[in-house]
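Peer 1:
In the numbering used here, the protein residues as written are 2 to 127.
1. Where do the N-terminal and C-terminal ends of the beta strand (DSSP E) with residue 51 fall, by residue?
2. What residue from 105, 108, 38 has the CA that sits closest to residue 78's CA?
3. Quick check: what's the CA-CA separation for residue 114 versus residue 104?
4. Out of 26, 25, 30, state which residue places its alpha-carbon closest to the alpha-carbon of residue 91.
5. When the Cα atoms are used, what is the spatial distance from residue 54 to residue 43?
6. Considering only DSSP beta bridges, list what residue 30 is partnered with.
7. Who are the near neighbours of residue 12 in its chain, counting only those whose CB is closer than 6 Å to its CB and skipping five residues on each side?
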């Protein structure tokens, strides 16, 4: 990845014009990859973030999607929602390391933003 930040693959969606390009490097980097799953019997969606060493965000996503398929095979009624987003970590993971970040443009004030995207009342947080 030529810059730091998220890279995503979702169905037919490709990179956005302002998204950094994902160019492979000679040295592997750490990536956090967020994948979304539907647990049909429970009626919930799950977001999982896994860590990978890879030479590009695309490689990290490919490896995460392979693991996502295995995750679904291990659990009854779990379906991969075909959304993977990668974040290039800054250095080696350790205490307090940032493992994922996603920026979203919005004009909403903080409370409304959180209510709309994160605290809808339907989350299972424990």
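Where is the CB? At the ideal position from N, CA and C, for every residue including glycine. Here the structure is a predicted model, which means the values were calculated and not measured.
Peer 2: On the basis of the supplied data:
1. 45-55
2. Distance check between residue 78 and each of 105, 108, 38 places 38 closest, using alpha-carbon atoms only.
3. 12 Å
4. Among 26, 25, 30, the Cα nearest to that of residue 91 belongs to 30.
5. 32 Å
6. In the DSSP output, where bridge partners are listed per residue, residue 30 has 55.
7. Low local confidence applies: a pLDDT of 37 at residue 12 is under 50, so the model's placement there is unreliable, with the coordinate-based value given in what follows. Excluding residues within five positions, the ones whose Cβ falls inside 6 Å are 83.
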